[in-house]
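Shown next, in structure tokens, is the structure this report addresses.
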Ligand code: SAM
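In my numbering, the protein residues as written are 450 to 706.
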């Protein structure tokens, strides 16, 4: 697609990868195999789509921009590329089948809601590789009692093994974003390794604990976790949520009220 004709849409987070070195590193990290069932979110002008299709027999893509949807349809043969014209936040990834691999240089403005949406499909996914804002990747992979640790870290680490792979500088994109980027790998935990029993209760406890970060668990979880439960589990209610491991959050959520 000619650069003169196409105007980047800032509101869609359009920063296209152009550095062949980083593109090569991302594809090497993904390690596509010819028969993989794979979907790319936000293919844009195909920077990642093209090298992926050199390895894969077929690829699904989910793109929201009408101009790009039309261009992708004209550029790639339909038997190699299936274009789903859709908002990835609402797209039913389950409709593509399993086991599914998910990749993408994601639009940074919707990355957290998109990660939560994708977490719903963890049961049928082999792995996910994403380029995201570096700060978001640092939060996803953060350990307890560090400044980056929060709701995103706990909710994702309870369902996935989250691995930060490498940073990518703004100069690798056109136009360059204002922030640094990073590539992350997420591998779903097996069903028997998911630490909580009740997803809703776990999400509520984690949400409340990080809703007011500076407050103690005794305050933030009032009415949700009784003091006797803290005592039975040996978790000090004077601690703050940001000091609790994923396993400790799960213990609180799993303990009968
Ligand atoms: N993959 C391309 C690359 O690396 O050069 C483009 C990446 S660009 C950061 C993000 C892409 O996601 C754009 O093509 C944009 O149009 C698309 N996009 C933005 N919001 C979207 C949404 N809600 N659903 C699907 N695609 C979206």
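Note that CB positions come from ideal geometry on N, CA and C, so glycine has one too.
With contacts defined as CB atoms closer than 7 Å, residue 547 and residue 511 fail to qualify as a contacting pair.
Annotation for residue 615: the continuous beta strand (DSSP E) segment containing it runs 609-617.
Boundaries cannot be given for residue 544, as no alpha helix (DSSP H) includes it and DSSP labels it neither H nor E.
Residue environment analysis places residue 522 among the exposed positions, since fewer than 16 neighbouring C-beta atoms fall within 10 angstroms of its C-beta. Proximity of the region 582-599 to the region 543-560 meets the contact definition, three or more beta-carbon pairs being nearer than 8 Å. The residues 654, 657, 658, in chain order, have a CB closer than 7 Å to that of residue 670 in the same chain once the five nearest residues on each side in sequence are set aside.
For the region 485-573, the full-length beta strand (DSSP E) segments reaching 3 residues or more read 486-490, 508-512, 530-534, 549-554 along the chain.
Residue 696 and residue 524 have their C-alpha atoms spaced approximately 48 Å apart. Residue 631 is bridged by DSSP to 581, 616. When distances are taken from the beta-carbon of residue 616 to the heavy atoms of the ligand SAM, even the shortest one reaches 6 Å or more. Among the bridge pairs identified by DSSP, residue 692 is matched with none.
Burial is judged here by how many other beta carbons sit within 10 angstroms of a residue's own beta carbon; residue 607 has at least 16 and is buried.
Taking the Cβ of residue 492 as the reference point, at least one heavy atom of the ligand SAM falls within a distance shorter than 6 Å. A Cβ-Cβ separation of about 5 Å places residue 550 in contact with residue 575 under the 8 Å criterion. Contact between the region 614-624 and the region 461-479 is present: three or more C-beta pairs spanning the two stretches fall below 8 Å. Annotation: residue 505 to residue 572 spans about 23 Å, alpha carbon to alpha carbon. Closest by C-alpha distance to residue 614, out of 634, 602, 629, is 634. Of 689, 684, 660, 649, the smallest CA-CA separation from residue 666 is found for 689. For residue 657, the enclosing alpha helix (DSSP H) begins and ends at 648-660. In the DSSP assignment, residue 593 falls outside any alpha helix (DSSP H), carrying neither H nor E.
Between residue 586 and residue 479, the CB-CB gap reaches or exceeds 7 Å.
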